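This report refers to the structure that appears directly beneath it.
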Amino acid sequence: MTNISVFASESSYTFRITVDLQDSKEGDSLTLVVADGIFDNYNSGQQFTVGRNSRGVYQFNITNEESYGFFFLLKTRTFSYKGGPNKMAMVIEKQFWEKGDDVSLELAYRETFGGIYSQCAFSGEGSAKYTARYKVFSEQSATNVQTELKNRSLLSDLYALTDRQLDQLEILQHYRPMTSRLAYDLIKADILFQYKKTMLDLEVNHLTDLGSQIASVDILRKPDSYLDLAPEALSLSKAYLDFTLKRFSAYVNIAQKEEELLAGVFNLINTNFNGLLRDRLLAYMVVVLAKGKKQDVLYRHMLSFIEDPMAVSVLKRQLAITSKRQLANYCFERMEGGDICLDEFKGKVALIDFWFVGCGYCTKLYKQVLSTLEKEFVDSSELVFLSINIDKDREKWLKGVASGEYTGDRAINLRVNDVDKSILADNKITFFPTLILIDGNRKVLDFNSNDLHDLVKLRNKIASLVGSK
Numbered sequence: 191m192t193n194i195s196v197f198a199s200e201s202s203y204t205f206r207i208t209v210d211l212q213d214s215k216e217g218d219s220l221t222l223v224v225a226d227g228i229f230d231n232y233n234s235g236q237q238f239t240v241g242r243n244s245r246g247v248y249q250f251n252i253t254n255e256e257s258y259g260f261f262f263l264l265k266t267r268t269f270s271y272k273g274g275p276n277k278m279a280m281v282i283e284k285q286f287w288e289k290g291d292d293v294s295l296e297l298a299y300r301e302t303f304g305g306i307y308s309q310c311a312f313s314g315e316g317s318a319k320y321t322a323r324y325k326v327f328s329e330q331s332a333t334n335v336q337t338e339l340k341n342r343s344l345l346s347d348l349y350a351l352t353d354r355q356l357d358q359l360e361i362l363q364h365y366r367p368m369t370s371r372l373a374y375d376l377i378k379a380d381i382l383f384q385y386k387k388t389m390l391d392l393e394v395n396h397l398t399d400l401g402s403q404i405a406s407v408d409i410l411r412k413p414d415s416y417l418d419l420a421p422e423a424l425s426l427s428k429a430y431l432d433f434t435l436k437r438f439s440a441y442v443n444i445a446q447k448e449e450e451l452l453a454g455v456f457n458l459i460n461t462n463f464n465g466l467l468r469d470r471l472l473a474y475m476v477v478v479l480a481k482g483k484k485q486d487v488l489y490r491h492m493l494s495f496i497e498d499p500m501a502v503s504v505l506k507r508q509l510a511i512t513s514k515r516q517l518a519n520y521c522f523e524r525m526e527g528g529d530i531c532l533d534e535f536k537g538k539v540a541l542i543d544f545w546f547v548g549c550g551y552c553t554k555l556y557k558q559v560l561s562t563l564e565k566e567f568v569d570s571s572e573l574v575f576l577s578i579n580i581d582k583d584r585e586k587w588l589k590g591v592a593s594g595e596y597t598g599d600r601a602i603n604l605r606v607n608d609v610d611k612s613i614l615a616d617n618k619i620t621f622f623p624t625l626i627l628i629d630g631n632r633k634v635l636d637f638n639s640n641d642l643h644d645l646v647k648l649r650n651k652i653a654s655l656v657g658s659k
C-alpha cells in the first residue's frame, strides 16, 4: 500500500507530503504537481520531483501562497507508452486540498498496458472531501449513462439528473457535515454538470432544426438559479465551465448565426455573470475558443476590467503567445539523416503538424483532414506540409511514417531533434496533434485553432494564402 501524508500549515500554507510506495525500489522517484486545476494540469503546473530517501519513503516540502488548490501525484511509467511523450502516469487523480489538511492516503497502485489501476483509502484531518470525491467518482454504477442520455429529450431534460447523478448526490450528502462549504459545492458542481456538455453534444444538430426561438428559451435557462452553489466553487469546476461555454456556443451558432462565435460568447458571459465567475469564464473562453488566434484587442480589453489573479495570468500568457508572431529558425531531423531548419522553406506557406506514434487523434486528423489537403494542393509550389514527429525513438518514428497512419509521402517527414526540443517548450506544445500555420517569413498565421482542425475551414484558409487548389 502507499501512504501519503498531506499537511498545510496555518501561516505559510506549506505542504508536507510523505509517500510510502508499495514495491518501490531504490532509484525510483515520484513527482508532485501543484496546479490550479483549470488552466494548468499535470503537464504545466509546478513540478517537484524527489527520490526515495534512506527511510524508504518520498518526502515533499512545498510552500504555496494560496490557501487551497489542486495537486497531482505522478510516477514514471515502467513499461507502457515507452518512447511516447507521456512518460509520467498519474498515481491518483487530481486532488483538491485546503489549508489545514493533514491527510493520509493508502493506495494500491498497478500499471498495465490496459491502464492505471488504484484503490484508495483516506484518513486524517480534512480527509472527508478526499473520501467523498473518491467514492462519488470511482465507485461503479449499474446505470448506462450514455444510453440514458441518448434516450432523453434535451428540451425537457437538459437539467434533469440521471440515476447515476442521484446516486452520487446521495453519497456526497453523507459527507456534508465533515467538509467545508467550498469543497462540498465543488464536488456537487462536478456531479451536476459532468454529463451536461455530453447532452448538448448529442443534441446540437437536433436543436439546429428546431430553430432559434426554442433554443433561446432552453439553452439560456440558467441552471445555477436553483443550485445554490457558491460562485467560487463553480469557478473551480471544469465540468461547470465546460457546460456553460458549450451552451453559450450552441446558442450563438443556432440563434445568432450572424454573430462571430467568440464575440457572441463574450457578450453572453458579460450579460449573465459578474465578479469571480465571470472572470474565470472569460479566461476559460480564451483558452478553449480562441486557441492561439490573434485576439490582442479583445485580450487587452478584458485585462482592463478582469480582477481575478488566475484569470489575469491566463490572459497575459495568451497575449504573450499571440504577440510573439514569429517562430525561431528551429531545426529538425530528416529521415535520410542530418537536419533541416525552417529557413529552408523561406518564401513558402507551411502547415506544421506535431504527432507521436500511438496518438489516436493524430491518426484521425491525418486521415480526415491532412491526407485530403495534401492531395488537393499537391501541385502548389507555394505550400509545404511539415509532418513533425516527437518520439524519442528514431525507429519508432520511421515505422510510424511507414504505417501511413499519421503522415504520407506528400509531406516532408521530420522529427524533433533529440538535443534541441525547444520548439515544444517555447510554444507550450503539450497536447497532440498540434497544428501551426506559418508564412514564408516564419510568421505565425494560426496556432492550433479549431479552424486548423476543420477540413473545410483549413482548405479555405490555405487557398486564400496560396491560391485555389
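For the sequence shown, the numbering used here begins at 191 and goes up steadily by one.
Where a beta carbon is used, it is the ideal one built from N, C-alpha and C, also for glycine.
Small disclaimer: the values here were computed from a predicted structure and weren't measured.
Exercise for the section: For S571, name the three-state secondary structure that DSSP assigns. Expected result: Coil, per DSSP.
Handout entry: Same chain, Cβ closer than 6 Å to A318, five either side skipped, listed in chain order
Key = Excluding residues within five positions, the ones whose Cβ falls inside 6 Å are Y365, M368 and T369.
Practice task
Measure the beta-carbon distance from F260 to G227 and round it to whole angstroms, keeping in mind my assumption that it falls under 8 Å.
Solution key: Confirmed, about 3 Å.
Practice task
Flag this pair as yes or no: are the beta carbons of K265 and V247 separated by less than 8 Å?
Solution key: Contact: no.
Exercise for the section: Check E315 in the structure and name its three-state DSSP category. Expected result: Here E315 sits in strand by DSSP.
Handout entry: Exposed unless 16 or more other CB atoms sit within 10 angstroms - verdict on D533
Key = Under this definition D533 is an exposed residue.
Practice task
Report yes if the C-beta of D581 is less than 7 Å from at least one heavy atom of the ligand NAD; otherwise report no.
Solution key: In terms of ligand content, the structure shown is empty, and the ligand NAD therefore cannot be addressed.
Exercise for the section: Could you tell me whether the stretch 588 to 608 touches the stretch 489 to 504, using the rule of 3 or more Cβ pairs below 8 Å? Expected result: Because the criterion of three Cβ pairs below 8 Å is not met, the stretch 588 to 608 and the stretch 489 to 504 do not touch.
Problem - C-alpha gap between L711 and K428, whole angstroms - result: Nothing can be reported for residue 711: it is not among the residues displayed for the chain, which extend from 191 to 659.
Handout entry: I628 vs I542 beta-carbon contact at 8 Å
Key = Contact: yes.
Practice task
Check whether the Cβ atoms of F535 and V606 lie closer than 8 Å to each other.
Solution key: No, the pair does not count as a contact, with Cβ atoms beyond the cut-off.
Practice task
Give the DSSP-derived three-state secondary structure of R242 in the structure shown.
Solution key: Look at R242 here: in three-state DSSP terms it is coil, with no helix or strand label.
Exercise for the section: Can you tell me which of G316, F250 and K215 puts its alpha carbon nearest to the alpha carbon of T268? Expected result: The residue among G316, F250 and K215 with its C-alpha nearest the C-alpha of T268 is K215.
Handout entry: Residue closest to C552, alpha-carbon to alpha-carbon, out of M278, D469 and N579
Key = Of the residues M278, D469 and N579, the one whose Cα lies closest to the Cα of C552 is N579.
Problem - Bridge-paired residues (DSSP) for W287 - result: Per DSSP, G259.
Practice task
Starting from C552, follow the alpha helix (DSSP H) in both directions and report where the run begins and ends.
Solution key: For C552, the uninterrupted alpha helix (DSSP H) run begins and ends at G550 to L555, by DSSP.
Exercise for the section: With T352 as the anchor, note down where its alpha helix (DSSP H) starts and where it stops. Expected result: Unbroken run through T352: none, as it is neither H nor E.
Handout entry: Whole-angstrom distance between L220 and I377, CA atom to CA atom
Key = Taken atom to atom, the span from the alpha-carbon of I377 to that of L220 is near 27 Å.
Practice task
Output the distance between the C-alpha atoms of M241 and S313, rounded to the nearest integer angstrom.
Solution key: Before going on, a small fix: residue 241 reads as Gly here, not Met. So the two alpha carbons sit approximately 25 Å from each other.
Practice task
Report buried or exposed for T204, applying the criterion of at least 16 other Cβ atoms within 10 angstroms of its Cβ.
Solution key: Counting Cβ neighbours within 10 Å, T204 comes out exposed, since fewer than 16 surround it.
Practice task
Report buried or exposed for K633, applying the criterion of at least 16 other Cβ atoms within 10 angstroms of its Cβ.
Solution key: K633 sits exposed, since fewer than 16 C-beta atoms from the chains shown fall within 10 Å of its C-beta.
Problem - Coil, strand or helix - M525 by DSSP - result: M525 falls in the coil class under three-state DSSP.
Problem - Three-state class that DSSP yields for N464 in the structure shown - result: DSSP places N464 in coil when its eight states are reduced to three.
Exercise for the section: Reducing DSSP to helix, strand and coil, say where G273 ends up. Expected result: Confidence is the limiting factor: at G273 the pLDDT is only 48, short of 50, which leaves the residue's position unreliable, though a coordinate-based value still follows. Reduced to three states, the DSSP call for G273 is coil.
Exercise for the section: Determine the contact status of L458 and Y474, defining contact as a CB-CB distance below 8 Å. Expected result: For L458 and Y474, no; Cβs fall outside 8 Å.
Practice task
Given a cut-off of 8 Å, decide if A540 and V574 are closer than it, judged by their beta-carbon atoms.
Solution key: Yes, the pair counts as a contact, with Cβ atoms nearer than the cut-off.
Exercise for the section: Pull up the distance between the alpha-carbon of Q508 and that of L472, whole angstroms please. Expected result: Whole-angstrom Cα-Cα distance: 12 Å.
Practice task
Figure out for me which residue from N443, R437 and A311 has the closest Cα to the Cα of Y299.
Solution key: Answer by Cα proximity: A311.
Problem - Bridge partner(s) assigned by DSSP for T620 - result: DSSP, once it has assigned bridges, lists no residue as partnering T620.
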